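Everything on this sheet refers to the single structure shown next.
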Amino acid sequence: MSSYKIALNFEDGVTRFIECKAGEKVLDAAFRARINLPMDCSDGVCGTCKCRAESGRYDLGDDYIEDALSEDEKDGGLVLTCQMVPQSDCVIAVPAASAVCKTGQSKFGASVAKVEPHNDAAIVLELDVEANAPVFLPGQYVNIDVPGSGQHRSYSFSSAPGESRVSFLIKKIPGGVMSGWLESAQPGDKLDLTGPLGSFYLRGVQRPLLFLAGGTGLAPFLSMLEVLARAGSQQKVHLIYGVTRDLDLVQVEAIEAYTAKLANFSYATVVADAASSHPRKGWVTQHIPADALNDVDVDVYLCGPPPMVDAVRKHFDDEGVTPNSFHYEKFTPNVAPKAA
Ligand SMILES: Cc1cc2nc3c(=O)[nH]c(=O)nc-3n(C[C@H](O)[C@H](O)[C@H](O)COP(=O)(O)OP(=O)(O)OC[C@H]3O[C@@H](n4cnc5c(N)ncnc54)[C@H](O)[C@@H]3O)c2cc1C
Ligand code: FES
Numbered sequence: 057m058s059s060y061k062i063a064l065n066f067e068d069g070v071t072r073f074i075e076c077k078a079g080e081k082v083l084d085a086a087f088r089a090r091i092n093l094p095m096d097c098s099d100g101v102c103g104t105c106k107c108r109a110e111s112g113r114y115d116l117g118d119d120y121i122e123d124a125l126s127e128d129e130k131d132g133g134l135v136l137t138c139q140m141v142p143q144s145d146c147v148i149a150v151p152a153a154s155a156v157c158k159t160g161q162s163k164f165g166a167s168v169a170k171v172e173p174h175n176d177a178a179i180v181l182e183l184d185v186e187a188n189a190p191v192f193l194p195g196q197y198v199n200i201d202v203p204g205s206g207q208h209r210s211y212s213f214s215s216a217p218g219e220s221r222v223s224f225l226i227k228k229i230p231g232g233v234m235s236g237w238l239e240s241a242q243p244g245d246k247l248d249l250t251g252p253l254g255s256f257y258l259r260g261v262q263r264p265l266l267f268l269a270g271g272t273g274l275a276p277f278l279s280m281l282e283v284l285a286r287a288g289s290q291q292k293v294h295l296i297y298g299v300t301r302d303l304d305l306v307q308v309e310a311i312e313a314y315t316a317k318l319a320n321f322s323y324a325t326v327v328a329d330a331a332s333s334h335p336r337k338g339w340v341t342q343h344i345p346a347d348a349l350n351d352v353d354v355d356v357y358l359c360g361p362p363p364m365v366d367a368v369r370k371h372f373d374d375e376g377v378t379p380n381s382f383h384y385e386k387f388t389p390n391v392a393p394k395a396a
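Sequential numbering from 57 applies to the sequence shown in this note's numbering.
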């Protein structure tokens, strides 16, 4: 391998990917890409360049001092980018805003390839992105400008990174700006995108995973499942996919396919509607099997509408369950809900 892909995730949610040559330090590779990561001494002395490695293998060498990075910090995943030499692709969380590092969001174009309604509840949107489109991390989202509206809406990628055709799973909102535009969207229509964005992405997989999806909050998990399947992951993954009505259950065949493509994958669907005849009723929290929590040695990922995300977080707090890590994304509407 002559170079590695390093994702730099800034604290304002912006992600930039850089190429790091074999043997090159991350700080130098970032500088080559005109990104000024925080730094002072560049010698492993001041600790100003401290970041968190979220995934990947790397060597920190032994040319830095304990004052700059303690053993405990190192064991906790902190790194000095002026010393860090990647040995695989890595994801690094940078504790500074992208603008401070003289970088920012990428803008790129795409054209509509397919608009596929599902059950009058959701739409699968496929886009062909321009060749210069940035890579994203599985779980991240982009802002899509809604043509003619002067507004944008955020959508999580449901496809895996690295493809020229990307997909999204979009809830159909009667009267919604994006939903309305999608009704008449045609293949070839041009769209402007900004991103990738967000800190909800799949970290290095070292223990069982519990995925909790609410409605179209399923989208980022489809991306993550594909990445796990392609990597041949053997780690246990359990997905619970909860929706309001029977007709909101979409893409179940796509999920089912991972029971064959991904070792140790299982899932359950749950419908909240009291009138539903679905075998599992209620909320996702009522259907978490004890073994999926693995005595809390589990990484939990949660995505869906804000009330669902808040309810699940409260449930974990009330039950005193503190998983090894807990990552969540709320699909917060841009527009305040109309008064009932
Ligand atoms: C980080 C992030 C990622 C997101 N990813 C996705 C995704 O992958 N898939 C997806 O479907 N959505 C996602 N969303 C939500 C999405 O950005 C839009 O808010 C949503 O699609 C509504 O857009 P619209 O233009 O159709 O409706 P709007 O014009 O925004 O809304 C019309 C009316 O409907 C209300 N409304 C909006 N959303 C809902 C809702 N869910 N339920 C009930 N009423 C609603 C609004 O308050 C408003 O009154 C994400 C949001 C965020 C912040
Ligand atoms: S810049 Fe001083 S320790 Fe890295």
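Glycine included, each C-beta is placed from N, C-alpha and C at the ideal position. Just so we're clear, the structure is a prediction, and the values are computed from it rather than from any experiment.
- Under the three-state reduction of DSSP, Tyr120 is assigned to coil, being neither helix nor strand.
- In the DSSP assignment, the residues bridged to Ser223 are Glu182.
- Looking at the DSSP output, His383 shares a beta bridge with Tyr357.
- Counted as a single uninterrupted DSSP element, the alpha helix (DSSP H) harbouring Thr315 occupies residues Val308 to Lys317.
- As DSSP reads the structure, Ala109 sits in a beta bridge with Ile148.
- Of all C-beta pairs linking the region 161-178 to the region 138-153, fewer than three are shorter than 8 Å, placing the two stretches out of contact.
- Uninterrupted beta strand (DSSP E) stretches at least 3 residues long and entirely within the region 223-286 occur at 246-253 and 265-270, given in chain order.
- Taking Glu282 as the centre and dropping the five residues before and after it, the same chain places the C-beta of Ala216 closer than 6 Å to its C-beta, in chain order.
- Residue pairing by DSSP places Val101 opposite no residue, since no beta bridge is assigned to it.
- Closer than 7 Å to some heavy atom of ligand 2: that does not describe the Cβ of Cys76.
- In the DSSP assignment, Val156 falls outside any beta strand (DSSP E), carrying neither H nor E.
- Taking a cut-off of 8 Å on C-beta distances, the region 365-374 does not touch the region 283-297, as fewer than three cross pairs fall below it.
- The residues Pro264 and Asn320, in chain order, have a CB closer than 6 Å to that of Lys292 in the same chain once the five nearest residues on each side in sequence are set aside.
- Taking 7 Å as the cut-off, one finds no heavy atom of ligand 1 near enough to the beta carbon of Tyr357.
- In this structure, the beta-carbon distance from Pro194 to Leu258 falls below 8 Å.
- DSSP places Lys163 in the uninterrupted beta strand (DSSP E) bounded by Ser162 to His174.
- Annotation for Leu295: Phe267, Ala269, Phe277, Ile311 and Tyr323 place their beta carbon closer than 7 Å to its own, counting only its chain and skipping 5 residues before and after.
- The C-alpha of Ser59 lies about 48 Å from the C-alpha of Pro230.
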